[in-house]
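Structure first, commentary second.
Numbering (this note's numbering), first residue to last: 81 to 216.
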């Protein structure tokens, strides 16, 4: 799983999120940023708030009193498959290196290939996506 700070940078660079069951997110404040939630119609579901904005509603299975949080107050933590899908046609390859780390090869805006290494596959994909969003 990628770090919330990387996820926030992806969001700030324009990665959009349409919440769906199975998506992970963190509430972006000091007290809750380490807690990762998963969107599920059983526990956390999408709804419309009183103001008409999308909210993520917590059903009664949580241990503390949190009924809902507005979507703009959370940070989506995309999975490996979602990061790969967001790269689209710029994605060329993901390979494991001899030392156990990973490298993602992407096509740049100039048409050349660029390799982005990282200790884990999700981190390499997120790094490549950050580069792609920054160049776009």
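Note that CB positions come from ideal geometry on N, CA and C, so glycine has one too.
None of these values were measured; they are calculated from a predicted model.
- Nearest C-alpha to residue 169 among 138, 149, 187, 180: 187.
- Contact check for residue 182 against residue 204 passes: the beta carbons are separated by less than 7 Å.
- Residues 202, 205, 206, 209 of the same chain have their beta carbon placed closer than 7 Å to that of residue 163, with the five preceding and five following residues left out of the count.
- Taking C-beta separations shorter than 6 Å and ignoring five residues to either side along the sequence, the partners of residue 195 in its chain run 183, 185, following chain order.
- Spanning the alpha carbons of residue 114 and residue 211 requires a straight line of approximately 25 Å.
- In terms of Cβ geometry, residue 136 and residue 124 form a close pair [threshold 7 Å].
- When only Cα atoms are considered, residue 192 and residue 90 end up about 22 Å apart.
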